[in-house]
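Undergrad: According to the numbering used here, the sequence shown is numbered sequentially starting from 39.
Even glycine gets a Cβ: it sits at the ideal position worked out from N, Cα and C.
My questions all concern the structure below.
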Amino acid sequence: MPVLLNVPPMLLLGPAIAALLVYAVLRWVIWAPGTGTSPQTVSEHGLWVGVIGWLASSLQGAMTLGIIPANPSASAVVGADSIIPALAWPVLGCLGVHALGQVSYPGPRRMRRQAVLSVRRIKDFLPRRLALTTAAIFVSAAAAIARTATLPGFAAVAPTTVSDGAYGYYNSGGDGRIPGPEVAAWLGGALLVLAVGTWLVLWLIGRRRQLESLDAADNAVLRTIAMNRLLRTVSTVAAGLAVIAGNFAARPDPAQQTGSWTNFAGLAATVVLLVMWWWRPPRLASAGLGVRNRPESGIATGRQHPAARLVSSLGALLGLAAAVPLVAGAFLAPVIMAAAGYGLAGLVALMGICVLLVIAGGELVLQRNYGSPEAPRTWPRQPVNAALLTTAVLALLVFLAALVVTTAGRALLAEDPGWVPVALFTAGTCVAALPAFLRARSRQGVRDAPRGLDAALRAITVHRIVRTLAATLTAQAGVLLLTQTNAWAAVFGSDAFGDAVDPAAGSWWPATLAGAVLAASALVIAIIPVGGLARKTPAPLPRKEVAA
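Right under this line is the structure:
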């Protein structure tokens, strides 16, 4: 009991809030407004479980586990207070998301239920080749972790510049590391929890009740899909633990004056990541058009219109537009890091602006190829659904709150305001959204379009604009938290354990954790699908909704 009383409330409240939000999102996806549970919403639900689980599995904060930095002001992951959050969040997070994915499925609601007499076992739905590959990755990770138990620790040496002649200078010193058995115990425990948790989630997938909206065959495929997504995620986490062990083992002793080192486990983990991306799950037969389900009607038929295909094809182009600044930023990493966070805020803004320019260009191409002055210009009754609009408003409030706290913290530290560059970058992104919105509002109607298609295409464009702005605002709030942790430490003054925080001591982990959560949330917001929007967009009113 005394141990439980000493647990900080934030360490319990944070995971509870995160689990509640994930459950609410997954429940909302599978219970699509206006349509209820269907094979399409079940497929989207499985995709969201995989995406959120993958985002929660990032081990980036634990990559320097056991490494003693040579710079005293740098943050170190060498004690229980820093190692436990760095390992627990990705390991328990990815397992928890997949478990919540099963719990969020609706239970039986019909008065008469169809019973299945066969016993559901894990091996009946388990993808065999993927399971064997995952087992091999776990064994390899265990071997890499066991190797670290044989390695000694050594002290860090502060970097100094030494002259060996009239013109020759070289730097000495380097990072140290804690004893290997300690690192092996932490990583081995995380791998064991991951393995046991994976088996428990597999058992939960196999024992879950049948969905009434699917037949027996599709229910079996759905379980295989869930197991596929789970095994692919835990495989990357196990490979990440092996990378951490390899990073620890490759560090040279600074006393031996050898500064170069290579972590070959990182290359192997990259191969694992690419393989797991390629290993796609099967698809539900009832989720697409075919002999097992009736063809869609109404606006769905209008999707065969060339204008609808053009708008749909822009989705992949938007992803490429966002990736171009990200790839360019990889080559300019020293410049971005030297910009003290402002370069990162500029990179986020540039990604948003590129996406918005592609959206505006798509509207120009749409009018040039398929626009007609004789076609009616219709505007949807609800261009943005309530969920996305609420998300955008919350993103704006979070960004403004982060801006205010950052400014107040820098004022307490007697430093220059840190909100001006980030605010300007964000305002520039919002201004860049105006051409796309005005183009969607004023472009000509689509010729030979079925009733309601023109309004649906405009709604998709507005949805993409609002989605981009919401993701940008959330990402910029995360940038403020990640790069201005000293300002947040100055405002709040104490950490989750009640200890005083020195703003000059380096990063403050609650702010870093919150910034990472916001960055992951921005990525989730950026991929909110618009596939079902056309089906849900109501037909325009003939008098009030027709543009002049």
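#1: Taking just the CA atoms, how far does G227 sit from V393?
#2: Assuming S589 contacts P128 under a Cβ cut-off of 8 Å, what Cβ separation, rounded to an integer in Å, is found between them?
#3: Given that a residue counts as buried once 16 or more other Cβ atoms are within 10 Å of its Cβ, and exposed if not, what is Q514?
#4: Looking at A218: is its Cβ nearer than 8 Å to the Cβ of P197?
#5: Tell me, which residues are paired with S251 by DSSP?
#6: Take the Cβ of V517 as the centre, count every other Cβ of all protein chains shown within 10 Å, and call the residue buried at 16 or more, exposed below.
#7: Does DSSP put L164 in a helix, a strand or coil?
#8: Under three-state DSSP, which class holds P319?
#9: Measuring CB to CB, does L64 end up less than 8 Å from W86?
#10: Find the nearest neighbour of R321 within the set V67, T79, P53, L58, judged by alpha-carbon distance.
#11: When every heavy atom of the ligand MN is checked, does at least one fall within less than 7 Å of the C-beta of R479?
#12: Got a sec? Which residues, its chain only, sit under 7 Å from G235 by beta carbon, not counting five neighbours each side?
#13: Report the partner residues of S480 according to the DSSP bridge assignment.
#14: What residues match up with I105 in a beta bridge as DSSP calls it?
#15: Going along the chain, which residues of its own chain have a beta-carbon closer than 8 Å to the beta-carbon of G409, five neighbours each way excluded?
#16: Identify the continuous alpha helix (DSSP H) that holds G191 and give its terminal residues.
#17: Extract the residue ranges of the alpha helix (DSSP H) inside the stretch 448–534, only unbroken runs of 4 or more that lie entirely within it.
#18: Just verifying my parser: in three-state terms, what is the DSSP assignment at A54?
#19: Report yes if the CB atom of G244 is closer than 8 Å to the CB atom of F176, and no otherwise.
#20: In whole angstroms, what is the alpha-carbon distance linking A487 and H343?
#21: Quick one: what does DSSP say V115 is sitting in, helix, strand or coil?
#22: First and last residue of the alpha helix (DSSP H) that includes I566?
#23: I'd like to know whether the C-beta atoms of A194 and P292 end up nearer to each other than 8 Å.
#24: Ordered along the chain, which non-local residues of its own chain (more than five positions away) have a Cβ less than 7 Å from that of M265?
#25: Could you check how far apart the C-beta atoms of N301 and G284 are, in whole angstroms? I think they sit under 8 Å.
#26: If we define contact as Cβ-Cβ less than 8 Å, is V517 a contact residue for chain B?
#27: Can you round the beta-carbon distance between A124 and A94 to whole angstroms, since I take them to be within the 8 Å contact cut?
#28: What residue does the alpha helix (DSSP H) around P144 start on, and which one ends it?
TA: Answer, in terms of the structure:
#1: Here residue 393 refers to the residue found at position 355 when the sequence shown is read from its first residue. Here residue 227 refers to the residue found at position 189 when the sequence shown is read from its first residue. Whole-angstrom Cα-Cα distance: 43 Å.
#2: In the structure displayed, the chain extends from 39 to 586; residue 589 sits before or after that span and is not available.
#3: Taking the first residue of the sequence shown as position 1, residue 514 is located at position 476. Looking at its Cβ environment, which holds 16 or more other Cβ atoms inside 10 Å, Q514 is buried.
#4: For this step, residue 218 is matched to residue 180 along the sequence shown. For this step, residue 197 is matched to residue 159 along the sequence shown. According to the sequence displayed, residue 218 carries Gly and not Ala. No, these two residues do not count as a Cβ contact at 8 Å.
#5: The count along the sequence shown starts at 1 and reaches residue 251 at position 213. Bridge partners of S251: none, in fact.
#6: Sequence index remark: in the sequence shown, residue 517 carries index 479 (1-based). V517 comes out buried.
#7: The residue you call residue 164 lines up with position 126 of the sequence shown. L164 falls in the coil class under three-state DSSP.
#8: The sequence position of residue 319 within the sequence shown is 281, counting from 1. Three-state result, P319: coil.
#9: Within the sequence shown, residue 64 is the residue found at index 26, counting from 1. Within the sequence shown, residue 86 is the residue found at index 48, counting from 1. Contact: yes.
#10: Translated into the one-based positions of the sequence shown, residue 321 becomes position 283. Of the listed residues, the one whose Cα sits closest to R321 is T79.
#11: No copy of the ligand MN appears in this structure; indeed no ligand is present at all.
#12: In the sequence shown, the residue the question calls residue 235 occupies position 197. Same-chain partners within the cutoff: L133.
#13: Residue 480 sits at position 442 when you count from the first residue of the sequence shown. According to DSSP, which records beta bridges pairwise, S480 is partnered with nothing at all.
#14: To locate residue 105, count along the sequence shown from 1; it is residue 67. Answer is R215.
#15: Within the sequence shown, numbered from 1, the residue matching residue 409 stands at position 371. The residues are R481, Q482, G483, V484, R485.
#16: What you label residue 191 is simply residue 153 of the sequence shown in a count that begins at 1. First-last for G191: undefined, no H or E at that position.
#17: 457–480, 491–521, 523–530
#18: Residue numbering aside, residue 54 sits at position 16 when the sequence shown is read from its first letter. A54 falls in the helix class under three-state DSSP.
#19: Within the sequence shown, residue 244 is the residue found at index 206, counting from 1. Within the sequence shown, residue 176 is the residue found at index 138, counting from 1. Result no, Cβ atoms of G244 and F176 do not sit closer than 8 Å.
#20: Residue numbering aside, residue 487 sits at position 449 when the sequence shown is read from its first letter. Residue numbering aside, residue 343 sits at position 305 when the sequence shown is read from its first letter. Roughly 7 Å separates the two Cα atoms.
#21: Indexing the sequence shown from 1 puts residue 115 at position 77. Looking at V115 - three-state DSSP - the assignment turns out to be strand.
#22: Translated into positions along the sequence shown, residue 566 becomes position 528. Careful: I566 lies outside any alpha helix (DSSP H) and carries neither H nor E.
#23: Start at 1 with the first residue of the sequence shown, and residue 194 comes out as number 156. Start at 1 with the first residue of the sequence shown, and residue 292 comes out as number 254. Closer than 8 Å, so yes.
#24: Translated into positions along the sequence shown, residue 265 becomes position 227. Hits under 7 Å: F163, L164, P165, L240, I243.
#25: Stepping through the sequence shown from its first residue, residue 301 is reached at position 263. Stepping through the sequence shown from its first residue, residue 284 is reached at position 246. Contact flag correct, Cβ pair sits at about 5 Å.
#26: Absence of chain B from the displayed structure is noted, only one protein chain being present.
#27: Numbered from its first residue, the sequence shown carries residue 124 at position 86. Numbered from its first residue, the sequence shown carries residue 94 at position 56. Actually they are not in contact, since the Cβ atoms of A124 and A94 sit about 13 Å apart, beyond 8 Å.
#28: For the purposes of this step, residue 144 is identified with residue 106 of the sequence shown, where counting begins at 1. First-last for P144: undefined, no H or E at that position.
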